[in-house]
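Input: a single structure, listed below in structure tokens.
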Amino acid sequence: MNSAPGKLILAGEHAVVYDQPALAMPIAALRASVVAEPAPSGAGMTVHAPDLGLVWRLRATAPLSDLAQRTLDYLQLPEPDLCLTISSSIPIASGMGSGAAVGAALVRALAEQAGQQLAAHVISDLVYQSEKAFHGTPSGIDNTVVAYEQPILFQRQAHADPIIAPLAVGQQWHFVVADSGIASETKAVVGDLRQRWLAEPDLYNAQFAAVGSLVRQIQVALAGNAGPEFGQLLSQNHQLLQTLGVSCAKLDHLVQAALEAGAWGAKMSGAGWGGIMLALVPAEHAALIQNQLRAAGAVQTWQTSLLPTQAAEEVTHDHA
272 MNSAPGKLIL AGEHAVVYDQ PALAMPIAAL RASVVAEPAP SGAGMTVHAP
322 DLGLVWRLRA TAPLSDLAQR TLDYLQLPEP DLCLTISSSI PIASGMGSGA
372 AVGAALVRAL AEQAGQQLAA HVISDLVYQS EKAFHGTPSG IDNTVVAYEQ
422 PILFQRQAHA DPIIAPLAVG QQWHFVVADS GIASETKAVV GDLRQRWLAE
472 PDLYNAQFAA VGSLVRQIQV ALAGNAGPEF GQLLSQNHQL LQTLGVSCAK
522 LDHLVQAALE AGAWGAKMSG AGWGGIMLAL VPAEHAALIQ NQLRAAGAVQ
572 TWQTSLLPTQ AAEEVTHDHA
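Counting the sequence shown from 1 gives a position; my numbering is that position plus 271.
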């Protein structure tokens with residue numbers, strides 16, 4: 272079995288679209304997996320997603336079929352007689368990178384069948400190129416985080432490849448993540464904010480810059496060991512996201528519930544208008560805060576953590 276984790280935006284969502292930095296991390300508690308099994312001779316390749324009730328042939332016009340073909344081309348392999356079965360515990364349309372995680376697991380499964388182990392930057396780029404073909408201009412955050420399975424700083428640049436760098440983590444940080452239960456379509460939220468930015472660019476550029484400044488402070492806090500200060504910065508990021516009009520009453524309620532239960536800080540994560548929130552918590556209070564979030568209306572909750580960094584694998588960027 273081959274797998275890849277989901278991802279969380281730790282800080283900087285939305286402002287990242289306007290060339291500000293963002294921080295993202297894998298969520299180890301949630302993964303997508305792909306199991307490869309041989310098919311009868313001449314059957315060709317099929318991709319099964321039983322959770323969704325879907326099946327794709329390799330030649331179908333679908334993102335996973337496109338990605339599979341790109342991977343086979345990279346490996347210089349003909350279509351194999353193979354059945355790939357996908358399973359995932361990552362909620363769809365929640366801002367947790369479910370599509371990229373499934374894609375990375377699929378690439379790993381095909382490489383394993385070829386007796387190869389692809390480097391993280393190759394997996395990341397194959398997933399990115401396929402997402403670009405079907406979704407236009409993905410940021411590149413999701414594929415990078417899930418392929419490297421490490422926290423990163425990501426910043427778009429107008430006339431160059433994005434800046435992608437591993438983050439230093441000073442101690443083990445514990446997080447509780449809660450799903451609002453409200454499906455969120457990223458394109459709709461981003462499009463609405465873009466219309467408001469076009470109408471008042473100076474106002475919104477100043478707010479995006481404020482988010483970018485906070486992201487840099489959060490990057491420093493992540494490398495330190497002061498939980499309350501780190502948490503306060505995350506809460507400030509949520510307040511700016513409220514000002515940008517991308518939160519919602521349910522997310523605000525869950526953020527407040529986490530803070531009242533003893534979290535150091537809390538914020539929505541991802542596109543907003545639904546989806547998820549995260550809370551930075553003292554380890555000894557994680558279970559209590561998780562229970563309080565469920566009581567406050569979260570439909571699902573998880574615990575995850577970031578471990579202190581040693582020598583992080585260098586993140587390379589090969590996007591054409």
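The beta carbon of each residue, even a glycine, is placed where N, CA and C say it ideally should be.
Residue i classed as buried or exposed, judged by whether at least 16 other C-beta atoms fall within 10 angstroms
{"i": "D609", "result": "Outside the shown range of the chain (272 to 591) lies residue 609, about which nothing can therefore be said."}
{"i": "Q387", "result": "exposed"}
{"i": "E599", "result": "The question about residue 599 has no answer here: the residues shown for the chain are numbered 272 through 591."}
{"i": "G324", "result": "exposed"}
{"i": "P472", "result": "exposed"}
{"i": "V570", "result": "exposed"}
{"i": "T575", "result": "buried"}
{"i": "N414", "result": "buried"}
{"i": "R330", "result": "exposed"}
{"i": "P276", "result": "buried"}
{"i": "V326", "result": "exposed"}
{"i": "Q490", "result": "buried"}
{"i": "T332", "result": "exposed"}
{"i": "D432", "result": "exposed"}
{"i": "H445", "result": "buried"}
{"i": "S518", "result": "buried"}
Inter-residue Cα distance where the pair is residue i and residue j
{"i": "H556", "j": "I280", "result": "22 Å"}
{"i": "N273", "j": "I361", "result": "15 Å"}
{"i": "A376", "j": "S540", "result": "23 Å"}
{"i": "P579", "j": "Q443", "result": "5 Å"}
{"i": "L346", "j": "E402", "result": "19 Å"}
{"i": "A582", "j": "Y419", "result": "Bear in mind that the predicted position of A582 carries a pLDDT of just 42, short of 50, making it unreliable; the figure below should be weighed with that in mind. C-alpha separation (whole angstroms): 13 Å."}
{"i": "V526", "j": "N508", "result": "12 Å"}
{"i": "K278", "j": "G368", "result": "5 Å"}
{"i": "M316", "j": "G411", "result": "28 Å"}
{"i": "R328", "j": "D344", "result": "16 Å"}
{"i": "A390", "j": "L474", "result": "42 Å"}
{"i": "P437", "j": "L504", "result": "20 Å"}
{"i": "A459", "j": "F405", "result": "17 Å"}
{"i": "A554", "j": "V306", "result": "34 Å"}
{"i": "A310", "j": "E350", "result": "12 Å"}
{"i": "D463", "j": "S359", "result": "30 Å"}
{"i": "A439", "j": "K538", "result": "21 Å"}
{"i": "G483", "j": "G495", "result": "19 Å"}
{"i": "K521", "j": "Q510", "result": "14 Å"}
{"i": "V552", "j": "R302", "result": "22 Å"}
{"i": "I435", "j": "A558", "result": "33 Å"}
{"i": "T342", "j": "V398", "result": "9 Å"}
{"i": "P409", "j": "L353", "result": "29 Å"}
{"i": "G370", "j": "L335", "result": "9 Å"}
{"i": "E308", "j": "I357", "result": "12 Å"}
{"i": "V393", "j": "A299", "result": "21 Å"}
{"i": "A591", "j": "A470", "result": "For A591, the predicted model reports a pLDDT of 39, less than 50, meaning its position is unreliable and no value from the coordinates is stated."}
Bridge partner(s) assigned by DSSP for residue i
{"i": "H445", "result": "V552, S576"}
{"i": "K278", "result": "P297"}
{"i": "D450", "result": "I547, Q571"}
{"i": "T356", "result": "V306, H319"}
{"i": "A339", "result": "Beta-bridge pairing links A339 to no other residue."}
{"i": "V536", "result": "The sequence shown places Gly at residue 536, not Val. According to DSSP, which records beta bridges pairwise, G536 is partnered with L551."}
{"i": "N592", "result": "The shown model of the chain, from 272 to 591, leaves out residue 592, and the question about it has no answer."}
Q: Would you mind listing the alpha helix (DSSP H) stretches within the region 280-330 that are 4+ residues and don't spill past its ends, in chain order?
A: none
**Q.** 4 or more residues per run - each alpha helix (DSSP H) lying fully within the region 468-528
**A.** 472-493, 498-514
Q) Between the region 455-467 and the region 362-374, do three or more beta carbon pairs fall short of 8 Å? A) yes
Q | 4-residue-minimum alpha helix (DSSP H) runs that sit fully inside the region 371-448, ordered along the chain | A | 391-406, 412-419
Q | the region 286-296 contacting the region 561-571, beta-carbon criterion three pairs below 8 Å | A | no
Q) With a cut-off of 8 Å, do at least 3 Cβ pairs link the region 290-307 to the region 422-438? A) yes
Q. Can you find at least 3 beta carbon pairs, one from the region 308-328 and one from the region 511-519, that sit closer than 8 Å?
A. no
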